[in-house]
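Read in order, the letters of the sequence shown correspond to residues 731 to 850 in my numbering. Scroll down for the structure; my scribbles are underneath it.
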Amino acid sequence: MKFDPNHPSIKGPCLRVYIHKSGREWIPIADILSLEGEKGYTWLNWTHGRRVSLPYSLKQIQHLLPATHFLRVHRHYLLNRQFIERINHEVDGSYVSMTIGPKIPISRRRLPFVEQELNP
Numbered sequence: 731m732k733f734d735p736n737h738p739s740i741k742g743p744c745l746r747v748y749i750h751k752s753g754r755e756w757i758p759i760a761d762i763l764s765l766e767g768e769k770g771y772t773w774l775n776w777t778h779g780r781r782v783s784l785p786y787s788l789k790q791i792q793h794l795l796p797a798t799h800f801l802r803v804h805r806h807y808l809l810n811r812q813f814i815e816r817i818n819h820e821v822d823g824s825y826v827s828m829t830i831g832p833k834i835p836i837s838r839r840r841l842p843f844v845e846q847e848l849n850p
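What follows is the structure, given as structure tokens:
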């Protein structure tokens, strides 16, 4: 896996990942909706609905991606900032509403940081 901030054939920054069925692919950062960690693996959710499993932990991927584009809101979730709509405070906890996809829980420990990042 490799991050390339200026990939020549695709506009904007990209993440190069190995996807089992299609081999290595350059994925534009703008096409990554979210990343979801699960027992040493990570699910990469694309904006167009595709979902692929990567053999890396969420922490490993987070260190490759630019913090200006992604925000860790929970130990299981890393979100693309451009798709974050707002924070909702509900009885059972706080959630991030995304422009695409389901609401994502925010951990209580990370809530102050997430609020500060989204409302500077």
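We put the CB at the ideal spot given by N, CA and C, even for glycine. Treat the numbers as computed from the prediction; the structure is a model and nothing was measured.
Rounded to the nearest angstrom, the Cβ distance from Trp773 to Arg781 is 6 Å, consistent with a contact under 8 Å.
Cα atoms of Tyr771 and Leu808: separation of roughly 13 Å, rounded to the nearest angstrom. Scanning the region 760-785 for uninterrupted beta strand (DSSP E) segments of 3 residues or longer gives 762-768, 771-776 and 781-784, listed from N- to C-terminal end. Its Cα nearest to that of Arg839, the residue Arg805 stands out among Arg805, Leu788, Gln792 and Thr777. The Cβ-Cβ distance between Phe843 and Thr829 does not fall below 7 Å. Judged by DSSP in its simplified three-state form, His793 adopts helix. Looking from the CA of Glu766, the closest CA among Tyr786, Arg754 and Asp822 belongs to Tyr786.
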